[in-house]
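Peer 1: In the working numbering, the protein residues as written are 1 to 401.
This structure is in structure tokens; I'll ask about it shortly.
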């Protein structure tokens, strides 16, 4: 197989999406959605300035995702990528919905009445967290296959069957309401972890393709849905007071990952302030601390520390972790860089707890301090940290090199 993400099929799909977003139906919807979203959100000047770039990503992600929704002609498409180039053409980023910067998100359309086979190979370095989740049209989980415990041959190859009857040990059982497989390959160590490579085959061959006009309408509908979905997420966060957050276990709805803890909140800081976050992970093998804007896209994760996960962070002496969120570099290892955005969203995620669940010390607490009053924390060579970060990320985005 080729690169697990930058496949020929992925590139073909991205180039087709570039043509799709120029369709008159899509262009008309885009203008209406932008106007309505801005009116409803009533953004601050800083967040208004961030809107054009974020909006482009959210809308392009809708084009990418909506154009792989035909269960009779399934493909594997990665729906959340950074900007890159394919055949000399600029492909916009496609982040949306407050994505996780550690995750390679891929989708496969599924009909509950059809049967499919997914064939692939795990990487040399297996992931800490990997799930194949079967959703209905409301993002309700119908079945979940854990990619870290599925059966894999000695050469790393695997086969997953999908259908109403169980026919293999690696099987995902469908129901009539099934719509798609949502695959999360979570890379804890960007420099070592490898996403799975896989393809999909519908048993019985491919069915009829959708017309361009039909596809354009589906894209316009998904663009509106993405804007509304993200707007509701942001509205929920902005109802909370700034520099506070709440912790909750996810349920199997709204796209949440089963048995994962989310810490949701928002920051709002002056130039001379920092939001200091203390984390005790409760035994979680994986957690991440990313920042996002009101429009649902994460901040600069390639050339700035707009997120840090457990493998990228320096622990305190007692095993806890302390993060400093600020626009100014405080010189500490665990700096979450706001990129100059004075407000934004914090969506800390914790997962893969010990058998029996999280330990009693699970907690996340935050406080605002002046930059010149920060506690003593592990330091870092920032240039080396950023160089390593960029190199590691580009393993999953080779087109950007």
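We put the CB at the ideal spot given by N, CA and C, even for glycine.
How big is the Cα-Cα spacing for residue 254 and residue 117?
Peer 2: With a pLDDT of 47 at residue 254, under the threshold of 50, the predicted position of this residue should be treated as unreliable, and no value is reported.
Peer 1: For residue 343, which three-state DSSP category applies?
Peer 2: Annotated three-state conformation of residue 343 is strand, per DSSP.
Peer 1: Identify every residue that forms a DSSP beta bridge with residue 84.
Peer 2: 91
Peer 1: Are the beta-carbon atoms belonging to residue 301 and residue 101 less than 9 Å from one another?
Peer 2: yes
Peer 1: For residue 245, which of 97, 364 and 88 has the nearest alpha-carbon?
Peer 2: 364
Peer 1: Please name the residue, chosen from 17, 318 and 39, that lies closest to residue 56 on a Cα-to-Cα basis.
Peer 2: 17
Peer 1: Just to confirm my understanding: we take residue 86, look at its own chain, exclude 5 residues before and 5 after, and list those with CB closer than 8 Å. What are they?
Peer 2: Taken in chain order, the residues that qualify are 11, 14, 15 and 399.
Peer 1: Mind checking which residues open and close the beta strand (DSSP E) that includes residue 402?
Peer 2: Examination of residue 402 is not possible in this model, given that the chain is present from 1 through 401 alone.
Peer 1: Which class does residue 154 belong to by DSSP, given the choice of helix, strand or coil?
Peer 2: coil
Peer 1: Let me know the secondary structure DSSP gives residue 307 once reduced to three states.
Peer 2: strand
Peer 1: Please classify residue 54: is it buried, with 16 or more other beta-carbons within 10 angstroms of its beta-carbon, or exposed?
Peer 2: buried
Peer 1: If you measure between the beta carbons of residue 282 and residue 261, is that distance less than 9 Å?
Peer 2: yes
Peer 1: For residue 35, report the span of its alpha helix (DSSP H) as first-last.
Peer 2: 24 to 41
Peer 1: Take residue 269 and list the residues in its own chain whose beta-carbon comes closer than 8 Å to its own, dropping the five residues that flank it on each side.
Peer 2: 243, 275, 325, 326, 327, 338, 342, 343 and 368
Peer 1: If you draw a straight line from the C-alpha of residue 89 to the C-alpha of residue 279, how long is it?
Peer 2: When only Cα atoms are considered, residue 89 and residue 279 end up about 42 Å apart.
Peer 1: Can you tell me whether DSSP reads residue 126 as helix, strand or coil?
Peer 2: coil
Peer 1: Give me, in chain order, the residues of the same chain whose beta-carbon lies closer than 7 Å to that of residue 6; leave out the 5 immediate sequence neighbours on both sides.
Peer 2: These residues qualify, in order along the chain: 398 and 399.
Peer 1: Give the secondary structure of residue 399 by DSSP, where H, G and I count as helix, E and B as strand, and everything else as coil.
Peer 2: helix
Peer 1: Would you call the stretch 282 to 300 and the stretch 160 to 176 touching, i.e. three or more CB-CB distances under 8 Å?
Peer 2: no
Peer 1: Touching or not, the stretch 144 to 160 and the stretch 71 to 83, by the rule of three or more beta carbon pairs under 8 Å?
Peer 2: no
Peer 1: Quick one, which of 110, 181, 346 and 144 has its alpha-carbon nearest residue 267's?
Peer 2: 346
Peer 1: Near residue 225, which residues of its chain fall below 8 Å by C-beta distance, leaving aside the five closest residues on each side in sequence?
Peer 2: Taking C-beta separations shorter than 8 Å and ignoring five residues to either side along the sequence, the partners of residue 225 in its chain run 62, following chain order.
Peer 1: In the structure shown, what three-state DSSP assignment does residue 139 receive?
Peer 2: coil
Peer 1: Taking C-beta to C-beta, are residue 185 and residue 103 nearer than 9 Å?
Peer 2: yes
Peer 1: Residues in its own chain within less than 7 Å of residue 3 by CB, not counting five upstream and five downstream?
Peer 2: 398
Peer 1: Kindly give me the distance between the Cβ atoms of residue 294 and residue 41, rounded to whole angstroms, as I take these residues to be in contact under 8 Å.
Peer 2: 6 Å
Peer 1: For residue 106, I'd like the list of residues in its chain whose CB is within less than 6 Å of its CB, leaving aside the five on either flank, ordered along the chain.
Peer 2: The residues are 76, 78 and 183.
Peer 1: Rank 330, 387, 348 and 201 by C-alpha distance to the C-alpha of residue 375 and give the top, closest one.
Peer 2: Residue 330 is the option with its Cα nearest to residue 375.
Peer 1: Going by Cα to Cα distance, which pick from 291, 307 and 377 is closest to residue 319?
Peer 2: 377
Peer 1: Would residue 170 pass as a contact of residue 201 if the rule is Cβ separation under 9 Å?
Peer 2: no
Peer 1: Just tell me which of 194, 351, 71 and 235 has its CA closest to the CA of residue 208.
Peer 2: 71
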